[in-house]
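*Asks:*
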């Protein structure tokens, strides 16, 4: 039972990691904490359903459609709603994302109510047995995709010139503009990438959790807890925090009470903020220049 709980926790934590990475990438490149990221997660899954039910597209075509739509939506949100606030206090930008979160959730409820809809797994097949641990092929896909994303983003920000430029531009936007860097374009693209990451996570986990308008809120608090535990702005920290949270939830649910699973993320946030506010691998970030 212990091994099964650990492995299932790692799979769940892998999904949290993809969501937390999307938020962390945006934070590193814009210093904005995006509270509507959970709705990107939700809309990615709904976009696949819409493409399948209304247009009759294949699963693969629906996924491409969903990812493209969320990328464009992220870019549009930055251009129309966030860019006018770029010189405003951070709290104004955060409140804009909160308002957008409720707006997107309200729109989805208007069209779908509170109905829960199924989404078929990306891959089928028989369960995979590894000793006493049983995994579904969908679980293996989730873990593998998460691993690929982790290494991809780590390489991009640490090893490529573009990744280093994006980080530099977020820390000193005026200086970056003076040397010819198109800071608004970089921010716009990072909003698109962040939305795309949220959508990808939603598509991966939807076959396990089903699709409903409030699914993003539950994922947002877990991603936020993962970032808090690992440290805001730290890519490895976001992953470590997400995997730790996933395992903690499973162990607490398996050995203590399943009713405590829903509050584990909140407990993690409280404890970390009291004991080590910067998180495990956190780094203090300066305000925008």
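In the UniProt record's numbering, the protein residues as written are 1 to 289. Each residue gets a CB set at the ideal place from its N, CA and C atoms; glycine is no exception.
Could you name each continuous alpha helix (DSSP H) segment of 4 residues or more that falls completely within the region 8-81, going from the start of the chain to the end?
*Replies:* 37-55 and 59-77, all fully within the region 8-81.
*Asks:* Which residue spans inside the region 163-196 form an unbroken alpha helix (DSSP H) run of at least 4?
*Replies:* Complete alpha helix (DSSP H) runs here, min 4: 173-178.
*Asks:* What is the DSSP secondary structure of residue 220, reduced to helix, strand or coil?
*Replies:* Three-state result, residue 220: helix.
*Asks:* Relative to the C-alpha of residue 170, which residue among 132, 133, 188 and 91 is closest?
*Replies:* The option with the nearest alpha carbon to residue 170 is 188.
*Asks:* What is the residue span of the beta strand (DSSP E) that residue 130 lies within?
*Replies:* First-last of the beta strand (DSSP E) with residue 130: 128-130.
*Asks:* Suppose you measure from the CA of residue 224 to the CA of residue 127; what does that come to, to the nearest Å?
*Replies:* If you take the alpha carbons of residue 224 and residue 127, they lie about 31 Å apart.
*Asks:* For a test of the three-state rule: what should DSSP assign to residue 148, helix, strand or coil?
*Replies:* In this structure, residue 148 counts as helix in the three-state DSSP scheme.
*Asks:* Does residue 289 pass the burial test, meaning 16 or more other C-beta atoms within 10 Å, or should it be called exposed?
*Replies:* Confidence in residue 289 is poor, its pLDDT being 44 and thus under 50, which makes the residue's placement unreliable; the coordinate value appears in the next sentence. That one is exposed.
*Asks:* Which residues does DSSP pair with residue 135 in a beta bridge?
*Replies:* DSSP, once it has assigned bridges, lists 128 as partnering residue 135.
*Asks:* Count the CB pairs spanning the region 183-203 and the region 14-34 that are closer than 8 Å, and state whether there are at least three.
*Replies:* Taking 8 Å as the limit for Cβ pairs, the verdict is that the region 14-34 does touch the region 183-203.
*Asks:* What is the DSSP secondary structure of residue 116, reduced to helix, strand or coil?
*Replies:* Coil.
*Asks:* Any contact of the region 204-217 with the region 113-126, i.e. 3+ C-beta pairs under 8 Å?
*Replies:* Yes, they touch.
*Asks:* Does the Cβ of residue 185 have 16 or more other Cβ atoms within 10 Å, making it buried, or fewer, making it exposed?
*Replies:* Exposed, since its Cβ has fewer than 16 Cβ neighbours within 10 Å.
*Asks:* So, for residue 27: in the same chain, excluding its five sequence neighbours on each side, which residues have a beta-carbon less than 7 Å away from its beta-carbon?
*Replies:* Result list for residue 27: 33, 232 and 233, in chain order.
*Asks:* For residue 109 and residue 246, I'd like the C-alpha separation in whole angstroms.
*Replies:* Roughly 28 Å separates the two Cα atoms.
*Asks:* Could you name the residues of the same chain whose beta carbon sits closer than 8 Å to that of residue 61, not counting the 5 residues immediately before and after it, in chain order?
*Replies:* So the list reads 51, once near-sequence residues are dropped.
*Asks:* CB-CB under 8 Å to residue 167, same chain, minus the five flanking residues each way: which ones, in chain order?
*Replies:* 28, 29 and 157.
*Asks:* State buried or exposed for residue 270, treating a residue as buried only when at least 16 other CB atoms are found within 10 Å of its CB.
*Replies:* Classification for residue 270: exposed.
*Asks:* Report, in whole angstroms, the separation of the C-beta atoms of residue 220 and residue 9, which I expect to be a contact under 8 Å.
*Replies:* Not quite, the Cβ-Cβ distance comes to about 19 Å (not below 8 Å), so this is no contact.
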